[in-house]
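Everything below concerns the one structure shown next.
In the numbering used here, the protein residues as written are 2 to 345.
Dropping the structure here:
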């Protein structure tokens, strides 16, 4: 095969290259060479050709060949961005898998996976529009461009949107504005005066609402807007970098609200680097009750819907839609819970 040839490498390509039958190549690719007593030297030649020619299996074709018409296969996906934390996604994945396992029988099989897309580019995900990849999905951590795409598109299968309000979709989200308002009340009750809200540069619908509600509550009670510190992304390192710069510039802060727990973790590092203590010098409130929040030093106070409750609600909604596709789109609000710990 000439270098630069862009034609796909197939079983027949490999067979011709090695000088064996296509059946022999298929036997090796399916790891059935021992039961069919294929010579070890032949197996190695085929495997070497696979590596040399850069063979990539055609998954769609394989599914068609192995599909049992008597068994219904249901593919479920949780779609999230590369850029977002996966704490809640991992809990939703476990809950969906538990429910799928409970519904699996000899005539019905489930496959559950996480699908990743770049923030703002959900529309580019392969198989999203033509139902060639999923029978049902949970979509989360979208940006405004993704939300606009969903609002203008009718996906042809069961869809639950997590943490967003999208017209014509089944949506599960925290009660709008409540997390930010409750976080402000906790910090106000600790008699602080220099409020800061730490957000990522790319705001999702949920993080934007948390920040806006926090700022509105502080403004209403103090007459002043809190300072905004903007991190380049959602990861702890970016939160640490942004708050470190704020403190190093001599800007005041004795009460911090981080709109995600991952940013709160980064803030802890910046506060320690600035020779300040939590909560003596700076009280901190995070969101979402990260599964490791108890192990922050000191343990992190969190406001937001309990992740296990959200995961159960969104998984239940997905399976309900799979069984009742004519259900009218609804918006389910999960009220915030408050977990008071030492940080506030």
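Even for Gly, the Cβ is constructed at its ideal location relative to N, Cα and C. What you are looking at is a predicted structure, and each value in this text was computed from that prediction instead of being measured.
- Straight across, the Cα-Cα distance linking residue 107 with residue 101 is about 13 Å.
- For the set 55, 124, 202, 192, the Cα lying nearest the Cα of residue 345 is the one of 192.
- Under the three-state reduction of DSSP, residue 112 is assigned to strand.
- In the structure shown, residue 129 adopts coil according to DSSP, grouped into three states.
- Going by C-alpha positions, residue 169 is about 19 Å away from residue 205.
- Taking all protein chains shown into account, residue 45 has fewer than 16 neighbouring C-beta atoms within 10 Å of its C-beta and is therefore exposed.
- Residue pairing of residue 189 in beta bridges, as defined by DSSP: absent, with no partner found.
- By the CB criterion at 8 Å, residue 265 and residue 92 fall outside the cutoff.
- Around the CB of residue 140, 16 or more other CB atoms lie within 10 Å, so the residue is classed as buried.
- For residue 232, the enclosing beta strand (DSSP E) has its first and last residue at 228–232.
- Under the DSSP assignment, residue 196 falls outside any alpha helix (DSSP H), being part of the beta strand (DSSP E) whose first and last residues are 196–201.
- Between residue 112 and residue 76, the C-beta spacing is below 8 Å.
- Here residue 208 is buried: its Cβ has 16 or more other Cβ atoms, across all protein chains shown, within 10 Å.
- In the structure shown, residue 83 falls within a coil segment according to DSSP collapsed to helix, strand and coil.
- For residue 314, the closest C-alpha among the options 78, 96, 38 is that of 96.
- DSSP lists 198, 286 as the bridge partner or partners of residue 258.
- In the DSSP assignment, residue 139 forms a beta bridge with 79, 161.
- Residue environment: residue 126 is assigned as buried (16 or more neighbouring CB atoms within 10 Å of its CB, all protein chains considered).
- Bounds of any alpha helix (DSSP H) do not take in residue 144, whose DSSP letter is neither H nor E.
- Annotation: residue 269 to residue 321 spans about 41 Å, alpha carbon to alpha carbon.
- When the Cα atoms are used, residue 271 and residue 247 turn out to be separated by approximately 10 Å.
- Residue 110 and residue 29 have their alpha carbons spaced roughly 27 Å apart.
- Taking the Cβ atoms as the reference, residue 252 lies roughly 6 Å from residue 228, within the contact range of under 8 Å.
- When only Cα atoms are considered, residue 57 and residue 8 end up about 12 Å apart.
- Bounds of the alpha helix (DSSP H) holding residue 311 are 308–324.
- Scanning its chain for C-beta atoms nearer than 6 Å, with the 5 sequence neighbours on each side dropped, one finds around residue 230 the residues 197, 199, 243, 244, 247, in chain order.
- Secondary structure at residue 38: coil, using DSSP grouped into helix, strand and coil.
- Beyond the five residues adjoining it in sequence on each side, residue 78 comes within less than 6 Å, by CB distance, of 114, 116, 135, 138 in the same chain, given in chain order.
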